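Participant: Residue numbers (UniProt numbering): 1 to 856.
Virtual Cβ for every residue (Gly too), placed ideally from N, Cα, C.
Bear in mind the structure is a predicted one, so any value in this text is a computation, not a measurement.
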Amino acid sequence: MCDDAKKTDAFEVPAYDAEAIETKWQARWEAEELYKTDEDPSKPKKYVLEMFPYPSGDLHMGHARNYTIGDAMARQARMRGFDVLHPIGFDAFGLPAENAAIKHNTQASVWTHKNIEQAVKTMHRMGFSYDYDRMFNTCDPEYYKWGQWIFLKMWEKGLVYRDTSPVNWCPGCQTVLANEQVVDGKCWRCGSIPEKRPLSQWYFKITDYAQELLDDLKLLEGKWPERVRAMQSNWIGRSEGAEIDFTLADVDGVTPTDTKITVFTTRPDTLFGVSFFLLPPESPLAAELVAGTEYEPAFLELKAAAEKVSSVDRQGSEREKHGVFTGRYVINPVNGRPAPIWVADYVLMDYGTGAVMGVPCGDQRDFDFAKKYGLEIAPIICEKDDPLYEELKDERELRVTSVDWDHAMVAEGYLVQSGPFTGMKGGKHSEAVDAIIKWLGEKGLGRKTVQFRLRDWLISRQRYWGNPIPMIHCDCCGDVPVPYEDLPVTLPDNLDLGAGDTLAEYAPFYETTCPKCGRPAKRITDTMDTFTCSSWYYLRYCDPHNTELPFSKEAVDRWMPVDNYIGGIEHAILHLLYSRFFTKVLRDLGMIDCDEPFENLLCQGMVKDANGDTMSKSKGNVVPPSSVIEPYGADTMRLAILFIAPPEKDFNWDEEAVAGANRFIKRAWRVVWLLSQGAAAGAVDAGTLDAAGKELWRVTNAMGLKCTVDFDRCQFNTAISAVMEITNAASKYVNDVPVEQRDPTLSFAVASAIVRTLSPICPHWADELWTAALHQEGSVYNAAWPEFDESAAASDEVEIAVQIKGKVRGHVTIAADATDDEVAAAAQAAVAEQLAGKEIKKVIVIKGRLVNIVAI
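1. Given this structure, state the Cα-to-Cα distance separating residue 309 from residue 99, to the nearest angstrom.
2. What alpha helix (DSSP H) runs, 4 residues minimum, are completely inside the segment 273–359?
3. Excluding the 5 residues flanking residue 107 on each side, which residues of the same chain have their C-beta closer than 7 Å to its C-beta?
4. Going by beta carbon distance, what residues of the same chain come within less than 6 Å of residue 227, once the five residues before and after it are set aside?
5. Look at the alpha carbon of residue 112 and the alpha carbon of residue 594, and state the distance between them as a whole number of angstroms.
6. At the level of alpha carbons, what is the spacing between residue 421 and residue 290?
7. What does a CB cutoff of less than 7 Å around residue 854 pick up in its chain, not counting 5 residues either side in sequence?
8. When you compare only the Cα positions, how much space is there between residue 191 and residue 96?
9. Counting C-beta neighbours from all protein chains within 10 Å, is the total for residue 447 16 or more, i.e. buried, or is it exposed?
10. Tell me whether the segment 706–722 and the segment 738–751 touch, counting them as touching only if at least three CB pairs, one residue from each stretch, are closer than 8 Å.
11. Taking residue 838 as the reference, give the member of 539, 828 and 471 with the closest Cα.
12. What first and last residue would you give for the alpha helix (DSSP H) that runs through residue 165?
13. Quick one: measure Cβ to Cβ for residue 205 and residue 456, integer angstroms, because I've assumed they're closer than 8 Å.
14. Can you give the Cα-Cα distance for residue 203 and residue 141, rounded to whole angstroms?
15. Helix, strand or coil: which one does DSSP assign to residue 707?
16. Just curious, the alpha helix (DSSP H) that residue 441 is in, first and last residue?
17. Residue range of the beta strand (DSSP E) that residue 502 falls in?
18. Pull up the distance between the alpha-carbon of residue 640 and that of residue 657, whole angstroms please.
19. Output the distance between the C-alpha atoms of residue 660 and residue 73, rounded to the nearest integer angstrom.
20. Measure from the C-beta of residue 580 to each C-beta in chain C and report whether the shortest distance is under 7 Å.
21. Roughly how many angstroms separate the alpha carbons of residue 538 and residue 52, rounded to a whole number?
22. Identify the continuous beta strand (DSSP E) that holds residue 259 and give its terminal residues.
23. For residue 534, count neighbouring C-beta atoms within 10 Å of its own C-beta (all shown protein chains included) and say buried if the count is 16 or more, exposed if not.
24. On the CB-based measure, 16 or more other CB atoms within 10 Å of its CB, does residue 13 come out buried or exposed?
25. Which residues in the same chain as residue 5 place their Cβ atom closer than 6 Å to its Cβ, once the five residues preceding and following it in sequence are excluded?
26. On the DSSP bridge list, what partners appear for residue 202?
27. Is it true that the segment 165–182 meets the segment 426–434, where meeting means three or more beta-carbon pairs spaced less than 8 Å apart?
28. Taking all protein chains shown into account, do 16 or more other C-beta atoms lie within 10 angstroms of the C-beta of residue 379, making it buried, or fewer, making it exposed?
29. What beta strand (DSSP E) runs, 3 residues minimum, are completely inside the segment 764–844?
30. Does the contact criterion of 3 or more C-beta pairs under 8 Å hold for the segment 554–573 versus the segment 40–49?
31. Taking 8 Å as the cut-off, does the segment 236–252 touch the segment 263–277 (at least 3 CB pairs, one atom from each stretch)?
32. If you draw a straight line from the alpha carbon of residue 438 to that of residue 245, how long is it in whole angstroms?
33. From residue 3 to residue 669, what does the alpha carbon distance come to, in whole angstroms?
34. Are residue 248 and residue 259 touching if we call contact CB-CB under 7 Å?
35. Is the segment 472–489 touching the segment 513–526 in the sense that three or more CB pairs, one from each, lie closer than 8 Å?
36. Please go through the same chain and pick out, in chain order, the residues whose beta-carbon is closer than 6 Å to the beta-carbon of residue 497, but skip the five residues on each side of it.
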């Protein structure tokens, strides 16, 4: 028999049957609509949201961790008196569904809805407190209609345009990718290396909000993980510098033409050291310059080779550079010197203006290129202790046009051979930069400017399973928006994807008439990037059944911003940046008031297999929730997920940790039942408690306070540890104190505290104990979070370490309010044998912690 029952032989604790208990309470919760949002404006609101799941199949442990974290937050917030919004839905468009439909010879919608149905069943089985009445899927016309509506509003605001430009074409996915979807030079989804192709595509002008997106990261300081803010800041990539106009020389290489070629540089102070001029292989100007010349074949060969290399790899400092001379020159605006125009594969079309000035003395990549092709390396900036500085410090014109260096110099120091700016301090934000920009402006040769790494968001996708772009092309009227009354533009559901049918080839979809002139016209057959669907879904949750608008302003003003947003770090740039952009656009349209969508962000760590490998279906190492739920129950799984590690840390899946969680949940179950014998609700009078009761009450309050604080910090593992401490103390109490000697109100208060503090994590277990053992009405979810008394948490006694010359030699327990002299005396008595024959020189008392005795 368990020790907890030594003095309770007459009482038999009911068996903990997880499956029966969880099935019972899930049915009751659903019947009572327990988790339907209250919409009580008298309460403070709390919007808890996990990132939009994609229905690729049944849930895995990564999903389980994400949703359990959010569910614990939502449940505890409800008990703390908040009006809680905790919805769920599915980000249901996308290429995986389309490919799966082809593979399984079915329709994408059939495959998607089948997966959604299974995922929802698993969510119910795991006891998540979602308001399922607000659930929607992005592939439902009732939802994507409003995505098209928002598109048209952005079109009217001038934030949508179509342009032909080189784009990232993924040969694996057979569609284009936004810049943000090329990760480490590869497609974010399939890992293929994208190619550059010129295509006519649709864009959102996210760059109009670049500065605000950067500035408002300050609003999220201390609320978002610092690395996420840094990643977004780096991706937006603000650079201060100058645009400088170089003049294209005629074919003689000397005579200026009327053509200006503008470059952007953050280092205009190095302008006198320009040895060559660079264009990327994709540059139309480069193609024009070499057309029909002896340089054209080599150019075309370089261009073809560059298209097969990712942008990231092309820019790598260690990669060998390749270039082709165009036979033409530009004239440097500051000194009139001609600089040869080369095409180089390490230059990208989407950086700056698409043209770069080569300064090999201060840039390693330019230096490597110059060395390879025998180009000048003119020294124009040196440190004062460099012998070259002494030689050139008074030189205003280029005397030394090349040097025999092994590597580029650090581009910081003092300018030499730089006209009137010679002798000035160079470097970013230096006096030389300011002076040269001012001079260029006065001469009409350049201007101070700011550039961003961020490029406009390419939203076109050449795929079927996505939200159709609501535009029509008319040969007479051009691109014309679909009238609002004709929304939604719906997808056909009878394409044979396996046979290669596409929207572009399906006449019943694209054949239409122009809304302006009535002539035959063609509907746009591109669909939108699926990130457009997930960039505003959190707003629709606030008002999901609205048939007149995407959402009412009153509803979003009540709930936004999201108070707690939970999801993976992999969405740090794509989803989070796009959602911030949508929020600011909708604010400027007068539809919402908030500037940022997500107040607090928690990026949960990954769940890996026992060997530390990332779980994936392709590896066959995925642990499904059912493998834990079937033998142990959902509450054990939830407890194990939150206890194994802090939520932001990765962890390896550990079967023993699951078994340990199950042992604890059964132990806590037994302790609560044993405490319930003779228990009575009421205020605990600490003054009437015996020594055992006082200690249990102290531990309950001390650990209850810690649990509450740790919940607020989202440190669920340490919050659970605190409840374990209460449970251990309660176990000792029921084991040592006979039923008839226990304080009834203490027994009830402690049992109630254990049940309520664990209820956000183990809700079925808690509801069963709440009603069956403690005889309370309704769900514990409707009960208040327990209050704990800080004064009751204070201990009457403390244990302190006793050191002799800095080494611990013993411990002593003494009254918490003992004087230093009393503490010193007790400490010396505790180690009297070790002090025998020694002279005590000093006794140092550190209140409540230790005593250090210096003796010789």
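Facilitator: The relevant details are as follows:
1. Stepping through the sequence shown from its first residue, residue 309 is reached at position 309. Stepping through the sequence shown from its first residue, residue 99 is reached at position 99. Each residue's Cα considered, the two are about 26 Å apart.
2. Counting whole runs of 4 or more residues, the segment 273–359 contains the alpha helix (DSSP H) stretches 284–290, 296–306 and 311–315.
3. Numbered from 1 along the sequence shown, position 107 holds the residue referred to as residue 107. The residues are 101 and 493.
4. Within the sequence shown, residue 227 is the residue found at index 227, counting from 1. The same chain holds no residue with a CB closer than 6 Å to that of residue 227 once the five nearest residues on each side in sequence are set aside.
5. Here residue 112 is taken as the residue at index 112 of the sequence shown, counted from 1. Here residue 594 is taken as the residue at index 594 of the sequence shown, counted from 1. The straight-line gap from Cα to Cα measures roughly 33 Å.
6. Locating residue 421 in the sequence shown gives position 421, where the first residue counts as 1. Locating residue 290 in the sequence shown gives position 290, where the first residue counts as 1. Rounded to the nearest angstrom, the two C-alpha atoms are 36 Å apart.
7. Here residue 854 refers to the residue found at position 854 of the sequence shown. Excluding residues within five positions, the ones whose Cβ falls inside 7 Å are 805, 841 and 842.
8. Locating residue 191 in the sequence shown gives position 191, counting from the first residue. Locating residue 96 in the sequence shown gives position 96, counting from the first residue. Separation of residue 191 and residue 96 (C-alpha to C-alpha, rounded to the nearest whole angstrom) is 14 Å.
9. Here residue 447 refers to the residue found at position 447 when the sequence shown is read from its first residue. Classification for residue 447: exposed.
10. No, they do not touch.
11. Here residue 838 refers to the residue found at position 838 of the sequence shown. Closest by alpha carbon: 828.
12. Taking the sequence shown and counting its residues from 1, the one referred to as residue 165 is at position 165. No alpha helix (DSSP H) holds residue 165; the beta strand (DSSP E) holding it covers 160–170.
13. For this step, residue 205 is matched to residue 205 along the sequence shown. For this step, residue 456 is matched to residue 456 along the sequence shown. Confirmed, about 5 Å.
14. For this step, residue 203 is matched to residue 203 along the sequence shown. For this step, residue 141 is matched to residue 141 along the sequence shown. The alpha-carbon atoms of residue 203 and residue 141 are separated by roughly 23 Å.
15. In the sequence shown, counting from the first residue as 1, residue 707 sits at position 707. Of the three classes helix, strand and coil, the one that applies to residue 707 here is helix, per DSSP.
16. Residue 441 sits at position 441 when you count from the first residue of the sequence shown. Per DSSP, the continuous alpha helix (DSSP H) segment holding residue 441 begins and ends at 431–443.
17. Within the sequence shown, residue 502 is the residue found at index 502, counting from 1. Where residue 502 is concerned, there is no enclosing beta strand (DSSP E), given that its DSSP letter is neither H nor E.
18. Along the sequence shown, one-based indexing puts residue 640 at 640. Along the sequence shown, one-based indexing puts residue 657 at 657. Each residue's Cα considered, the two are about 6 Å apart.
19. To locate residue 660, count along the sequence shown from 1; it is residue 660. To locate residue 73, count along the sequence shown from 1; it is residue 73. Between the alpha carbons of residue 660 and residue 73 lies a gap of roughly 23 Å.
20. Given the protein chain composition of this structure (a single chain), no chain C is represented.
21. Walking along the sequence shown from the start, residue 538 turns up at place 538. Walking along the sequence shown from the start, residue 52 turns up at place 52. Rounded to the nearest whole angstrom, the CA to CA distance from residue 538 to residue 52 is 9 Å.
22. If you number the sequence shown from 1, residue 259 lands on position 259. Counting along the chain, the beta strand (DSSP E) containing residue 259 begins and ends at 256–265.
23. Indexing the sequence shown from 1 puts residue 534 at position 534. Residue 534 comes out buried.
24. For this step, residue 13 is matched to residue 13 along the sequence shown. Buried, since its Cβ has 16 or more Cβ neighbours within 10 Å.
25. One-based indexing of the sequence shown puts residue 5 at position 5. Only weak support exists for where residue 5 lies, its pLDDT of 40 falling under 50; the value from the coordinates is given anyway. So no residue of the chain qualifies.
26. Numbered from its first residue, the sequence shown carries residue 202 at position 202. Here residue 202 is bridged, per DSSP, to 162.
27. With fewer than three CB-CB distances shorter than 8 Å, the segment 165–182 does not count as touching the segment 426–434.
28. Residue 379 sits at position 379 when you count from the first residue of the sequence shown. That one is buried.
29. List check, beta strand (DSSP E) in window: 797–804 and 807–815.
30. Yes: the two stretches touch, three or more of their Cβ pairs being nearer than 8 Å.
31. Proximity of the segment 263–277 to the segment 236–252 meets the contact definition, three or more beta-carbon pairs being nearer than 8 Å.
32. Numbered from its first residue, the sequence shown carries residue 438 at position 438. Numbered from its first residue, the sequence shown carries residue 245 at position 245. So the alpha carbons of these two residues sit roughly 14 Å apart.
33. Along the sequence shown, one-based indexing puts residue 3 at 3. Along the sequence shown, one-based indexing puts residue 669 at 669. Because the pLDDT at residue 3 is just 45, under 50, the model does not fix this residue reliably, and the value given afterwards should be weighed accordingly. Their Cα atoms are separated by approximately 14 Å.
34. Working through the sequence shown from its first residue, we reach residue 248 at position 248. Working through the sequence shown from its first residue, we reach residue 259 at position 259. In this structure, residue 259 lies closer than 7 Å to residue 248 by Cβ.
35. Between the segment 513–526 and the segment 472–489 there are three or more inter-stretch CB-CB distances shorter than 8 Å, so the stretches are counted as touching.
36. On the sequence shown, residue 497 is found 497 positions in, with the first residue counted as 1. Counting only residues of its own chain and dropping the five nearest sequence neighbours on each side, residue 497 has a CB closer than 6 Å to the CB of 101 and 102.
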